[in-house]
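Each remark here refers to the structure printed beneath this line.
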Amino acid sequence: MRRYALLVLPATNRVYAEASVALTRAELSVFAETVLGARLLDLAETRLGGVPYVTFSAETLSGRDVAYLSNLSSIYALFEVDGDAGGEILRPVGLTPLAEFDDDLLTIQKYAGKTNEYFTKLLLNVTVLASTSGTEMLDRPLHVFDPLCGRGTTLNQALMYGYDATGIEIDGKDVEAYSGFIRTWLKRKRLKHQAEFTPVRRDRKVIGRKLHVTLAPSKDAYKSGSTLSLTVVNADTLKARDFFRPRSFDVLVTDAPYGVQHGSRSGGAKLSRTPLDLLAAALPGWVELLRPGGALGLSWNTYVARREDAADVLTRAGLEVCESEPYLGFRHRVDQAIIRDILVARKP
Ligand SMILES: C[S@@+](CC[C@H](N)C(=O)[O-])C[C@H]1O[C@@H](n2cnc3c(N)ncnc32)[C@H](O)[C@@H]1O
Numbered sequence: 024m025r026r027y028a029l030l031v032l033p034a035t036n037r038v039y040a041e042a043s044v045a046l047t048r049a050e051l052s053v054f055a056e057t058v059l060g061a062r063l064l065d066l067a068e069t070r071l072g073g074v075p076y077v078t079f080s081a082e083t084l085s086g087r088d089v090a091y092l093s094n095l096s097s098i099y100a101l102f103e104v105d106g107d108a109g110g111e112i113l114r115p116v117g118l119t120p121l122a123e124f125d126d127d128l129l130t131i132q133k134y135a136g137k138t139n140e141y142f143t144k145l146l147l148n149v150t151v152l153a154s155t156s157g158t159e160m161l162d163r164p165l166h167v168f169d170p171l172c173g174r175g176t177t178l179n180q181a182l183m184y185g186y187d188a189t190g191i192e193i194d195g196k197d198v199e200a201y202s203g204f205i206r207t208w209l210k211r212k213r214l215k216h217q218a219e220f221t222p223v224r225r226d227r228k229v230i231g232r233k234l235h236v237t238l239a240p241s242k243d244a245y246k247s248g249s250t251l252s253l254t255v256v257n258a259d260t261l262k263a264r265d266f267f268r269p270r271s272f273d274v275l276v277t278d279a280p281y282g283v284q285h286g287s288r289s290g291g292a293k294l295s296r297t298p299l300d301l302l303a304a305a306l307p308g309w310v311e312l313l314r315p316g317g318a319l320g321l322s323w324n325t326y327v328a329r330r331e332d333a334a335d336v337l338t339r340a341g342l343e344v345c346e347s348e349p350y351l352g353f354r355h356r357v358d359q360a361i362i363r364d365i366l367v368a369r370k371p
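Residue numbering for the sequence shown follows the numbering used here, beginning at 24 and increasing consecutively.
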């Protein structure tokens, strides 16, 4: 049995205040429960040299275990610990995160209502791990769908992992801002790509607008056809089925309107503080777009919808909510108007 100590990214302390270590433990437990070959024991918060670490014991972690853990949303460094309490020696374990692009893809855009990029990565991870594609997360390009995508934080994290990304957003200004950002960013990074922003027509009527980008992390990848696809539709998410084929996506990852910066619109009607009506109306379409074995990860503000009610809406849409211990540990305070939580559910 060996001991390991995980150092949490300092930036996540700013995002989660006191909750960063607890969220790291919960995310680590989801990795352990789903894909790690080694069992993690004695998970704890431990101070070493006055600095908090998340420590655990395991039979030696394999290269693949470390490759999974390298993608933990809050990992800064991982060490193997030798020696006794007070005289510990930390030996660095090399990390190999999935990182197809420079990380300013995730950090440059700043705007009111942005979902924090570390939190978005956490939500994507725990959703992918709950799906039957979890064991393939390092091996093949999954297809991620965010049906309330704002200015694309989820989409950018999906690209970062080398995945295909698709989103829907009702606010034309957000879609235009994202389109402008991604095109400028790709040009500035001199990444070969093809982008078009075109109307979508059905029966000669325009039903929305669509940004479609084909891109690759290198010239060679682009030339050999190992490209990624990025699609954003400017439309009401209730119409999602009009734009995509059933069973198109491996995971659906979304941060619902908080009732603070954004309200929820369902059926073009009035703006509502709670996202439950929007979720209930949109879920049948969303679920059809998920592959069987796929998973849905939802974050929302618990001040505007209770966890039991949100879980009930997911269950009524035919999904199986993940109720095991680590999935119950993600509730945290964002600010005085928002206590955020996560629900993950599988499509049978
Ligand atoms: C919490 S924000 C998501 C922010 C996003 N994750 C980001 O980082 O940019 C929720 C988004 O849902 C959008 N929205 C609300 N109702 C919608 C609907 N019926 N169809 C599509 N988008 C909708 C809002 O315009 C808002 O951009």
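Built from N, CA and C at the ideal position, the CB exists for glycine as well.
Ends of the alpha helix (DSSP H) at E140? Element bounds for E140: 140 to 153.
Cβ atoms of E311 and P269: under 8 Å apart, would you say? Yes, the pair counts as a contact, with Cβ atoms nearer than the cut-off.
Any heavy atom of ligand 1 inside 7 Å of the beta-carbon of R363? no
Beta-carbon separation of H434 and Y141 under 8 Å? Outside the shown range of the chain, which is 24 to 371, sits residue 434, and nothing can be said about it.
Selection from V149, A333, Y99 that minimises the alpha carbon distance to G352: V149
If you follow the alpha helix (DSSP H) that L32 is in, where does it begin and where does it stop? It is not in any alpha helix (DSSP H) - L32 carries neither H nor E in the DSSP assignment.
Return helix, strand or coil for R296, following the three-state DSSP convention. It is coil, neither helix nor strand.
Own chain, CB closer than 6 Å to R232, minus 5 neighbours either side, in chain order: P222, N257
Quick one, are the C-beta atoms of V104 and A28 less than 8 Å apart? yes
Start and end of the alpha helix (DSSP H) containing E199? 195 to 211
Name, in chain order, the residues that DSSP records as bridge partners for Y76. L30, T69
Determine, using beta carbons only, whether N179 and L128 come nearer to each other than 8 Å. Cβ distance < 8 Å, so N179 and L128 count as in contact.
Among D259, T155, Y186, G106, which residue has its Cα nearest to the Cα of G173? D259
C-beta atoms of S154 and V274 nearer than 8 Å: yes
Return the Cβ separation of A61 and L84 in integer angstroms, given the expectation that the two are a contact with Cβ distance under 8 Å. The pair is a contact, with the Cβ atoms about 5 Å apart (cut-off 8 Å).
In this structure, does DSSP put D243 in helix, strand or coil? Note: D243 maps to helix in three-state DSSP.
Under a three-way DSSP split, which group does S96 fall into? coil
If you measure between the beta carbons of E343 and A368, is that distance less than 8 Å? yes
Is the beta carbon of L32 sitting closer than 8 Å to the one on S52? no
Closer than 6 Å by C-beta to S93: which residues in its own chain qualify, once you throw out the five before and the five after it? Chain order, please. L118, T119, P120
If you draw a straight line from the alpha carbon of D265 to that of L299, how long is it in whole angstroms? 22 Å
For Q217, which beta-bridge partners are listed by DSSP? T237
In DSSP terms, what A368 is bridged to: L319, V344
Could you pull the start and end residues of the beta strand (DSSP E) that R356 belongs to? 355 to 358
Is A279 near ligand 1 - that is, is its Cβ less than 7 Å away from at least one heavy atom of it? Relative to ligand 1, the beta carbon of A279 is positioned inside 7 Å of a heavy atom.
Kindly list the residues whose CB is nearer than 6 Å to the CB of T325, restricted to its own chain and excluding five residues on each side of it in sequence; keep chain order. I362, D364
Considering only their Cβ atoms, is the gap separating T138 from T176 smaller than 8 Å? yes
Kindly examine ligand 1 and report whether one of its heavy atoms sits closer than 7 Å to the Cβ of L128. no
Compute every distance between the C-beta of L253 and the non-hydrogen atoms of ligand 1, then say whether any falls below 7 Å. no
Got a sec: does ligand 1 put a non-hydrogen atom nearer than 7 Å to the Cβ of D265? The answer is no for D265.
Quick one, are the C-beta atoms of D169 and G136 less than 8 Å apart? no
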